[in-house]
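Data first, discussion second: the structure below is written as C-alpha cells.
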Amino acid sequence: MGSCAHCGKYSTVGCSHCMGAPEYQDGDAVTTFWCSPECQAAHEPTHQEYCYNMQRRKTLLRTAKLLKAALLAYKEVVYDIHLTKIEHDEDSGTLVLIHTPNRIERHLFPSHLTRIENHKEAALLVNQCTMSISLLGPMTRGLLAGIVSRMDVAIVDIRNPPPPYQISPP
C-alpha cells in the first residue's frame, strides 16, 4: 500500500513486475503504486527503466539462491574432508572443524555433527572458491543469459560475514 506514483492518491495496486526486488542500499527498491490503469499508463515511461532494473535484481537473487542450493547439494554428497567434530568457539566466534588428516576420499557430509544450518553451510563450503567458480560458472552463464553481458570474478565485502573457521589439525 502506498501512494500513486502519478497522482499521489492512496493505492493498493503495486507493480507486480518489480515488487519484492531486493534492496542493495536502504530504500533503493521501493514498490511503485498506481491508483488506476490511466495513472499507470501515464507513469509507464518514467517507470520502465526502474522496473527493468528491479526485475534484473529479482532474477539475480533467484539465480544466486539456486546456485547456492546447487553447490550445497553437490557438496553434501561429494564431501572431501573427513570431519570428526564441528565446534563453535563462543569466545572468538570461530567455527572449528576437527578432521582426520590425510584421508582424502569423497563421501557424504556428516550432517549429524551439527544441527546449526549456518555451521553446516560453512563446513560444506570451506575452501571451495575455485571449485565453485569452475562448477557453477557455466550454469551461471546459462541462467543469466540475456540478463548480463559480462561476468567477472570479484572480491566482495560481506556485511554480515559468517563466523571464521579453523581446520584442526592443520
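FYI, our numbering numbers position 163 of the sequence shown as 536, with every residue one higher than the one before it.
Yeah, the Cβ is synthetic: ideal placement off N, Cα and C, and Gly gets one too.
Computed from a prediction, not measured in an experiment: that's the story for all the values here.
Are residue i and residue j close, meaning C-beta to C-beta below 8 Å?
{"i": "Asp470", "j": "Ser541", "result": "Residue identity check: residue 470 is Leu in the sequence provided, not Asp. Yes, they are a contact pair."}
{"i": "Leu456", "j": "Leu486", "result": "yes"}
{"i": "Val451", "j": "Arg488", "result": "no"}
{"i": "Leu439", "j": "Leu517", "result": "no"}
{"i": "Leu444", "j": "Leu509", "result": "yes"}
{"i": "Glu449", "j": "Phe482", "result": "yes"}
{"i": "Tyr447", "j": "Ala495", "result": "no"}
{"i": "Pro536", "j": "Leu468", "result": "yes"}
From residue i to residue j, what does the alpha carbon distance come to, in whole angstroms?
{"i": "Ala402", "j": "Ile506", "result": "29 Å"}
{"i": "Cys380", "j": "Pro534", "result": "43 Å"}
{"i": "Met374", "j": "Glu411", "result": "18 Å"}
{"i": "Lys431", "j": "Thr404", "result": "13 Å"}
{"i": "Gln398", "j": "Cys388", "result": "20 Å"}
{"i": "Lys441", "j": "Met512", "result": "12 Å"}
{"i": "Ala527", "j": "Lys382", "result": "44 Å"}
{"i": "Leu434", "j": "Arg523", "result": "17 Å"}
{"i": "Arg532", "j": "Asn491", "result": "15 Å"}
{"i": "Asp453", "j": "Cys502", "result": "14 Å"}
Just verifying my parser: in three-state terms, what is the DSSP assignment at residue i?
{"i": "Cys380", "result": "coil"}
{"i": "Ser389", "result": "coil"}
{"i": "His420", "result": "helix"}
{"i": "Ile506", "result": "helix"}
{"i": "Glu396", "result": "coil"}
{"i": "Ala496", "result": "helix"}
{"i": "Val403", "result": "coil"}
{"i": "Ser484", "result": "helix"}
Can you tell me whether residue i is buried or exposed? The criterion is at least 16 other CB atoms within 10 Å of its CB, across all chains shown.
{"i": "Ser484", "result": "exposed"}
{"i": "Ala414", "result": "exposed"}
{"i": "Ala437", "result": "exposed"}
Step through the CB atoms of chain C and report whether any lies within less than 8 Å of the CB of residue i.
{"i": "Thr487", "result": "Chain labels in this structure do not include chain C; a single protein chain is all it has."}
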